[in-house]
Amino acid sequence: MAKSITVLPETEHEYLTITGKISVVIAVFLFAQLWSEIVTGTDSVVNWILDLTLFASVIYCIVLSVKSMKFAKHITRMGYWTLKFNDEYVDHVSSASLRATCHIMVVGAIFLAYSGDNRWFVELIAPFGLRDAIQMLLGLAVATHGALILWNLREEEHREEEHFDEERGEEVIDE
Amino acid sequence: MNEDLDNHIHKLRLQHKISQQELADAIGVSRKTISTVETGRFTPSVVIALRIAAYFAIPVEQVFVLK
């Protein structure tokens, strides 16, 4: 018999925030790796910075992943694996970001599938190859996913900070 | 943002002297959900709408109205 757990909306919010951060870090890793392929061989400061960025993003991604594992016991399995949450606003933010990510991936994949080996496209993205273009698409998709989550959640916090009535402990609405 | 929907949650909260957090805890959602519903930035499900109406012990039409 499945064990039922009481899920706090704040826990779901925190888990989604970590997921957003992981997406942004993965995007940083993917873009840094692409960029390092261009500057490879040149013993420059840029190369050193890119190596440092790659290393830092891997470490930060591991830290965030370990942190996110702690939520497995505190949120539903659907929430943990598919980002489907009980709290409506958190679920709304999650769905909107997944929808945007899905559209980017589908449109990008269709474009690459039909035009990926066209000469004009190959010349356009040079010195990158098709594999790099796919990596770029993936980077764009995860960056959008993470940025939308963090932006939407942060935007609300920002608005609440701006309009927060400390005496009453509530948001003030501008009439 | 739903341009067709208006709500009286803020007015009702003031009448009942409760904060967004108290209302959120009472109906089992986050304060963000209440905050965004109240300001019209987010349209809630029928379940949340009915829970809010039930909390204030009034029909849902008195909480949410079409403009």
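Residue numbers (the working numbering), protein chains in the order written: chain A, 34 to 208; chain B, 75 to 141.
Don't be surprised by glycine CBs; every beta carbon is placed ideally from N, CA and C.
- Given Gln-89 of chain B, which residues of its chain have a CB within under 7 angstroms of its CB, disregarding the five upstream and five downstream residues? By 1-based counting over the second sequence, the position of residue 89 of chain B is 15. None.
- Query: Which whole-angstrom value describes the C-beta separation of Gly-114 of chain B and Asn-76 of chain B, a residue pair presumed to lie in contact below a C-beta threshold of 8 angstroms?
  - Reply: Residue mapping note: residue 114 of chain B aligns to position 40 of the second sequence, counting from 1. Residue mapping note: residue 76 of chain B aligns to position 2 of the second sequence, counting from 1. Indeed they touch by this definition, with Cβ atoms about 7 angstroms apart.
- Query: Along chain C, which residues have their Cβ under 9 angstroms away from the Cβ of Asp-120 of chain A?
  - Reply: Among the protein chains of the structure shown, namely A and B, there is no chain C.
- Query: Going along chain B in order, which residues have a C-beta closer than 9 angstroms to the C-beta of His-46 of chain A?
  - Reply: By one-based count along the first sequence, residue 46 of chain A stands at place 13. Ser-104 and Lys-106, listed in chain order.
- Query: Can you give the Cα-Cα distance for Val-72 of chain A and Phe-62 of chain A, rounded to whole angstroms?
  - Reply: The count along the first sequence starts at 1 and reaches residue 72 of chain A at position 39. The count along the first sequence starts at 1 and reaches residue 62 of chain A at position 29. The straight-line gap separating the alpha-carbon atoms of Val-72 of chain A and Phe-62 of chain A is approximately 15 angstroms.
- Any idea if Pro-4 of chain A is buried or exposed, counting beta-carbon neighbours within 10 angstroms, 16 or more meaning buried? This structure cannot speak to residue 4 of chain A, because chain A is shown only from 34 to 208.
- Residues near Asp-150 of chain A by beta carbon distance below 8 angstroms, same chain, minus five either side: Indexing the first sequence from 1 puts residue 150 of chain A at position 117. Cβ within range, chain order: Leu-163.
- Task: Using beta-carbon positions only, say whether His-22 of chain B and Gln-136 of chain B come within less than 8 angstroms of one another.
- Result: The structure shown does not extend to residue 22 of chain B, since chain B is modelled only from 75 to 141, so the question has no answer here.
- Message: Looking only at its chain, what residues have a beta carbon closer than 8 angstroms to the beta carbon of Tyr-129 of chain B, apart from the 5 residues adjacent to it on each side?
- Response: As a first step, residue 129 of chain B is located in the second sequence; it is residue number 55 there, counting from the start. Shown here for Tyr-129 of chain B: same chain residues with a beta carbon closer than 8 angstroms to its own, the five before and five after excluded, namely Leu-97, Ala-100 and Ile-101 in chain order.
- Message: Suppose you measure from the CA of Cys-135 of chain A to the CA of Leu-67 of chain A; what does that come to, to the nearest Å?
- Response: Within the first sequence, numbered from 1, the residue matching residue 135 of chain A stands at position 102. Within the first sequence, numbered from 1, the residue matching residue 67 of chain A stands at position 34. Roughly 22 angstroms between the two C-alpha positions.
- Query: For the stretch 39-55 of chain A against the stretch 114-128 of chain A, are there 3 or more C-beta pairs whose distance is under 8 angstroms?
  - Reply: The stretch 39-55 of chain A vs the stretch 114-128 of chain A: in contact.
- Task: Answer yes or no: does any C-beta atom of chain B fall closer than 8 angstroms to that of His-125 of chain A?
- Result: Taking the first sequence and counting its residues from 1, the one referred to as residue 125 of chain A is at position 92. Nearest CB-CB separation between His-125 of chain A and chain B: below the 8 angstroms threshold.
- Task: For the stretch 163-182 of chain A and the stretch 129-147 of chain A, state whether three or more C-beta atom pairs, one from each stretch, are separated by less than 8 angstroms.
- Result: Remark: three or more beta-carbon pairs, one from each stretch, lie closer than 8 angstroms, so the stretch 163-182 of chain A and the stretch 129-147 of chain A are flagged as touching.
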